[in-house]
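S.K.: According to the working numbering, the sequence shown is numbered sequentially starting from 28. Cβ atoms here follow ideal geometry from the backbone N, Cα and C, with glycine treated the same way.
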Amino acid sequence: MTTRRFENPSSLGARKLLIALGLLALLILLAFLFGTRQIPNGFSELLGNKLQLFTVKPRQVAPRGDLDASEQATIKLFQAASPSVVFVTTLAVRRDFLSLDVFQIPRGTGSGFVWDNNGFIVTNNHVIQNSDAARVTLVDGSSYSAKLVGVAPENDLAVLRIEASRQKIPPIAIGRSDNLLVGQTVYAIGNPFGLDQTLSKGVISGLGREIPTSQGGSITGLIQTDAAINPGNSGGPLLDSAGRLIGVNTAIFSPTGSYAGIGFAIPVDIVNRIVPQLIGHGRVIRPRIGIRIAEDSLMRRLGIEGVLILGVDPSSPAQQAGLRGTIQRSDGEIVLGDIIIEMDGKPVRNSGDLFRLLEGHDAGEAVTVQVLRGKSKLDLRVVLSPGS
Numbered sequence: 028m029t030t031r032r033f034e035n036p037s038s039l040g041a042r043k044l045l046i047a048l049g050l051l052a053l054l055i056l057l058a059f060l061f062g063t064r065q066i067p068n069g070f071s072e073l074l075g076n077k078l079q080l081f082t083v084k085p086r087q088v089a090p091r092g093d094l095d096a097s098e099q100a101t102i103k104l105f106q107a108a109s110p111s112v113v114f115v116t117t118l119a120v121r122r123d124f125l126s127l128d129v130f131q132i133p134r135g136t137g138s139g140f141v142w143d144n145n146g147f148i149v150t151n152n153h154v155i156q157n158s159d160a161a162r163v164t165l166v167d168g169s170s171y172s173a174k175l176v177g178v179a180p181e182n183d184l185a186v187l188r189i190e191a192s193r194q195k196i197p198p199i200a201i202g203r204s205d206n207l208l209v210g211q212t213v214y215a216i217g218n219p220f221g222l223d224q225t226l227s228k229g230v231i232s233g234l235g236r237e238i239p240t241s242q243g244g245s246i247t248g249l250i251q252t253d254a255a256i257n258p259g260n261s262g263g264p265l266l267d268s269a270g271r272l273i274g275v276n277t278a279i280f281s282p283t284g285s286y287a288g289i290g291f292a293i294p295v296d297i298v299n300r301i302v303p304q305l306i307g308h309g310r311v312i313r314p315r316i317g318i319r320i321a322e323d324s325l326m327r328r329l330g331i332e333g334v335l336i337l338g339v340d341p342s343s344p345a346q347q348a349g350l351r352g353t354i355q356r357s358d359g360e361i362v363l364g365d366i367i368i369e370m371d372g373k374p375v376r377n378s379g380d381l382f383r384l385l386e387g388h389d390a391g392e393a394v395t396v397q398v399l400r401g402k403s404k405l406d407l408r409v410v411l412s413p414g415s
């Protein structure tokens, strides 16, 4: 016999009613929590059977303490040097052929620095090369039309001048470059990609580097650094840890045109000789010995190391010092002239060595030239004269 179980209709209805009321109450509670209580900075988390609400608050700031000594020194260096660093904008003149109006358009940008409070600004020659005008912007944002004073393309240096109050153009501190060491900390300040007053830090990676110039020659004795130098840094200062100028940033070595870890700067000792001449004469007055020399290719064919003097100019420093040129005797025999093998104790292996050593001297200075005359070595004192 089959037994059937029947629910009491009244108890079943009451149970359903209780369940419905419970669900309704839960919905009201949820609506109250998430609908009427808006907590934008909070989150909820279900732990067990309890719904707990957490409010997110800002974290407490941990005390930092003082900056370390190296950071303080870098900040102080930048604050002291940056007012002397400027932004150089070059301009090209164009003419509207319809209105015949003449106007200027930006051509390029670079960096520079204040040489003295007379308004002289030093930058790279390649920054202002082929431009028609230039403007110099100071650290306070004021901008001035710049006048070209002089250029030294073979050293990639140029001097501009602006009319500004002395208080706004503090000169940069000048250092020296003859005692630099690889590994020494350096700082570059400039305007890479037009970004104003940027500081980068690195070390001296090498000394005595040489790179070609657009004139077909080469710049020698350069400082190599891994301090970040990018387009727009050209003409800006390279500083030592004392905040002194030790070089002028001039070029980077990169297959892409952007920084690749190798930058070059013109040593300040060269800058400190060239800039006064550009200010005073508008050009570089090279020291002159007054000799005509043989091509290096001829010396290589002869198997001779040094610089052979072919001729000596009349009334020149070389003639006064007793230097001799190459002559041809009446019987046709060629008698080689003096062969310069040293200058001030430094070897002269070719014409490049001779010109580089002369670059380190000014007109009026005396140098000791060692020559090979036949089989004898002679030391002769030569007082350099101004070149043309």
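1. In terms of residue numbering, what span does the alpha helix (DSSP H) encompassing residue 304 cover?
2. Can you grab the Cα-Cα spacing for the pair residue 224 / residue 352, in whole Å?
3. In this structure, what does DSSP give as the bridge partners for residue 369?
4. Name the DSSP beta bridge partners of residue 406, please?
5. Relative to the alpha-carbon of residue 376, which residue among 332, 403, 258 and 393 has its alpha-carbon at the smallest distance?
6. In the DSSP assignment, the alpha helix (DSSP H) including residue 101 goes from what residue to what residue?
7. Can you tell me whether DSSP reads residue 158 as helix, strand or coil?
8. Which residue marks the beginning of the alpha helix (DSSP H) containing residue 268, and which one marks its end?
9. The alpha helix (DSSP H) spanning residue 328 covers which residue range?
10. Following the continuous alpha helix (DSSP H) through residue 346, name the residue where it begins and the one where it ends.
11. For residue 217, report the span of its beta strand (DSSP E) as first-last.
12. Kindly list the residues whose CB is nearer than 7 Å to the CB of residue 133, restricted to its own chain and excluding five residues on each side of it in sequence; keep chain order.
13. Throw me the rounded Cβ distance for the residue 276 and residue 290 pair, which I believe falls under 8 Å.
14. Please look up how many angstroms separate the CB atoms of residue 250 and residue 288, rounded, as I've assumed it's under 8 Å.
15. Closer than 6 Å by C-beta to residue 105: which residues in its own chain qualify, once you throw out the five before and the five after it? Chain order, please.
16. Here's a check: name, in chain order, each residue in its chain whose Cβ is nearer than 8 Å to the Cβ of residue 403, leaving out the five neighbours to either side.
17. Taking the alpha carbon of residue 255 as the reference point, which residue from 237, 213, 248 and 234 has its own alpha carbon closest?
18. Can you name the residues that DSSP bridges to residue 48?
19. On the three-state DSSP scale, how would you describe residue 237?
20. Could you give the distance in angstroms between the alpha-carbon of residue 329 and the alpha-carbon of residue 390?
21. Excluding the five sequence neighbours on either side, which residues of its own chain have a C-beta within less than 6 Å of the C-beta of residue 170, listed in chain order?
22. How would you label residue 341, buried or exposed, when you count the other beta carbons within 10 angstroms and need 16 or more for buried?
23. Could you compute how far the alpha carbon of residue 310 sits from the alpha carbon of residue 412?
24. Do you know offhand how far residue 88's Cα is from residue 189's?
25. In terms of residue numbering, what span does the beta strand (DSSP E) encompassing residue 334 cover?
26. Which residue marks the beginning of the beta strand (DSSP E) containing residue 252, and which one marks its end?
M.R.: Concretely, from the data shown:
1. Annotation for residue 304: the continuous alpha helix (DSSP H) segment containing it runs 295-308.
2. Straight-line Cα distance between these residues: approximately 54 Å.
3. Partner(s): 374 and 397.
4. DSSP output for residue 406 lists 397 as bridge partner(s).
5. Among 332, 403, 258 and 393, the Cα nearest to that of residue 376 is on 332.
6. Run containing residue 101: 96-108, per the alpha helix (DSSP H) assignment.
7. Under the three-state reduction of DSSP output, residue 158 falls in the coil class, being neither helix nor strand.
8. For residue 268, no alpha helix (DSSP H) segment is defined, and its DSSP state is neither H nor E.
9. 323-329 is the span of the alpha helix (DSSP H), which, as asked, contains residue 328.
10. Judged by DSSP secondary structure, residue 346 falls within the alpha helix (DSSP H) whose first and last residues are 344-348.
11. Residue 217: member of the beta strand (DSSP E) spanning 212-217, first to last residue.
12. Residue placement at residue 133 is poorly supported in this model, since its pLDDT is 49, which falls under 50; the coordinates still yield a value, given next. Short of 7 Å from the beta carbon of residue 133, and not among the five residues preceding or following it, lie these beta carbons of its own chain, in chain order: 116 and 118.
13. The C-beta distance from residue 276 to residue 290 rounds to 6 Å, short enough to meet the 8 Å contact threshold.
14. The C-beta separation of residue 250 from residue 288 comes to about 15 Å, leaving the pair out of contact by the 8 Å criterion.
15. Counting only Cβ-Cβ distances below 6 Å, and skipping sequence neighbours, we find 226.
16. For residue 403, where only same-chain residues beyond five positions count, there are no Cβ hits under 8 Å.
17. Ranking 237, 213, 248 and 234 by Cα distance to residue 255 puts 213 first.
18. Residue 48 pairs with nothing; no bridge assigned.
19. Strand.
20. One C-alpha to the other measures close to 32 Å.
21. 162 and 164, listed in sequence order.
22. Counting every other CB atom within 10 Å of its CB across the protein chains shown gives residue 341 a total below 16, marking it as exposed.
23. Rounded to whole angstroms, residue 310 and residue 412 show a C-alpha spacing of 16 Å.
24. Distance from the CA atom of residue 88 to the CA atom of residue 189, rounded to whole angstroms, is 48 Å.
25. Looking at the DSSP string, the run of the beta strand (DSSP E) that includes residue 334 is 334-339.
26. Counting along the chain, the beta strand (DSSP E) containing residue 252 begins and ends at 245-252.
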